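**Q** For reference, the structure I am asking about is given below.
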Amino acid sequence: MLIKSSSSPHPTEADVTPEQVYRDRRLVLKGLGLGAASLALPAQASLLDLFKDDAAPAPAGKPLKVNPAPRPEGLVLTPYDKATSHNNFYELGTGKGDPARNAHYLKTEPWTLKVGGEVERPFTLDVKDLVDKGPLEERIYRLRCVEAWSMVLPWSGISLADIIKRAAPTSRAKFVAFETLYDPEQLPGQASRSLGGGIDYPYVEGLRIDEAMHPLAFLAVGLYGKTLPGQNGAPIRLVVPWKYGFKSIKSIVSIRLVEEMPPTTWNLLAPNEYGFYANVNPQVDHPRWSQASERFIGEGGIFGAKRQPTLMFNGYGEEVASLYQGMDLRKWY
Ligand SMILES: Nc1nc2c(c(=O)[nH]1)N[C@H]1C(S)=C(S)[C@@H](COP(=O)(O)O)O[C@H]1N2
Ligand SMILES: [Mo]
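Read in order, the letters of the sequence shown correspond to residues 440 to 772 in the working numbering.
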């Protein structure tokens with residue numbers, strides 16, 4: 440899949456077979472001029488980790504004080520081990536198993552999140568305080584990756600609107616800009632264009648202010664009632680369930696209220712393939728694959744996964760469609 444990355448590295452799951460992943464990695468190693476000998480050097484430890492093929496199990500998270508959400512009827516949850524071993528977090532490597540393997544580089548305590556920009560009361564949040572204070576809310580959301588796989592996950596956290604309201608946005612605040620930690624020591628994919636998928640880091644994302652204030656927009660600090668594993672975006676990440684997964688930015692250090700539409704990582708990389716809005720829409724295909732259906736990752740994992748139709752706004756249309764009234768969703772993809 441890295442070989443396909445010259446134009447855009449986001450593959451659909453159908454593009455990637457396990458054999459291909461293996462072959463591509465060998466080619467990348469060759470391209471980097473790294474033979475077995477250089478990989479054996481201690482200085483290459485992080486590179487070595489990035490190319491190991493067996494994913495390490497996720498470290499157990501700390502239990503959280505959460506008000507549990509009722510288990511929704513007709514929705515099957517993706518098991519914890521799948522949710523924490525099949526990830527996209529390019530700062531920890533572009534393979535699906537890389538983030539779990541490399542999460543140990545990420546140190547999540549202490550962690551501060553700055554909220555500022557066009558606000559009357561900028562503040563810095565100590566994420567530990569938020570986690571310890573509790574009780575947190577639980578939200579069981581569908582997650583639809585733009586690569587056409589999906590999960591159903593129980594997140595713990597608080598609504599994004601709560602955090603934004605605390606800062607008292609000014610009338611100039613029209614958009615919200617989010618930023619992931621930038622620290623190549625902790626996020627080794629940031630140290631190299633090839634390892635990190637050719638992205639210009641830090642990873643950045645954005646929402647329109649009314650999207651950010653929508654009650655479904657969520658800041659998660661936990662998964663399955665425990666603190667987030669690094670690979671899932673510890674210690675705090677965004678979850679916007681009606682949009683493609685890449686909007687749900689991980690390991691956030693900054694939230695800024697801004698006047699202009701902020702740049703967003705995947706849009707910068709391939710603007711014809713990834714828009715600012717990125718609402719899940721089965722009628723608007725990705726230029727390289729259909730978005731009409733998806734593979735749900737349940738007990739069986741990705742390659743035995745069952746294909747199911749993709750729902751408009753990922754099934755949250757009743758709640759969010761009004762945000763986009765009058766907009767041409769083919770133009771504003
Ligand atoms: N900083 C950062 N955030 C990110 C990504 C990433 O590569 N870097 N990948 C995104 C994509 S494409 C998806 S599908 C989701 C996956 O979240 P999960 O691994 O917790 O399921 O995280 C999103 N957030
Ligand atoms: Mo994704």
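Note that CB positions come from ideal geometry on N, CA and C, so glycine has one too. For clarity, every value in this text was computed on a predicted model and none was experimentally measured.
Under DSSP, the alpha helix (DSSP H) around residue 436 begins and ends at which residues?
**A** There is simply no residue 436 to check, as the chain begins at 440 and stops at 772 in what is shown.
**Q** Is residue 672 near ligand 1, going by C-beta to nearest heavy atom under 7 angstroms?
**A** yes
**Q** Kindly confirm or deny that the region 644-656 and the region 694-710 touch, where touching means at least three C-beta pairs closer than 8 angstroms.
**A** yes
**Q** How far does the alpha helix (DSSP H) with residue 745 in it reach, from first residue to last?
**A** Careful: residue 745 lies outside any alpha helix (DSSP H), inside the beta strand (DSSP E) at 745-748.
**Q** Based on Cα-Cα distance, which residue from 771, 757 and 655 lies nearest to residue 577?
**A** 655
**Q** Using alpha carbons as the reference points, say which of 739, 753 and 708 lies closest to residue 730.
**A** 753
**Q** List in chain order: all unbroken beta strand (DSSP E) runs of 3+ residues lying wholly within the region 671-714.
**A** 676-678 and 691-697
**Q** What is the residue span of the beta strand (DSSP E) that residue 564 lies within?
**A** 562-565
**Q** Where does residue 718 fall in DSSP's three states?
**A** strand
**Q** Given 7 angstroms as the limit, tell me if residue 685 has its C-beta closer than that to any heavy atom belonging to ligand 4.
**A** Absence of ligand 4 from the depicted structure is noted, with ligand 1 and ligand 2 being the only ligands included.
**Q** Run through the region 492-559 for me and flag every whole alpha helix (DSSP H) of 4 or more residues, listed as ranges in chain order.
**A** Within the region 492-559, the complete alpha helix (DSSP H) runs of at least 4 residues are 519-522 and 537-541.
**Q** Is residue 535 near residue 525, with beta carbons less than 8 angstroms apart?
**A** Yes; because the gap between Cβ atoms is below 8 angstroms, this pair is in contact.
**Q** Among the candidates 736, 761, 714 and 679, whose CA atom is the shortest distance from the CA of residue 770?
**A** 714
**Q** With DSSP as the reference, label residue 659 as helix, strand or coil.
**A** strand
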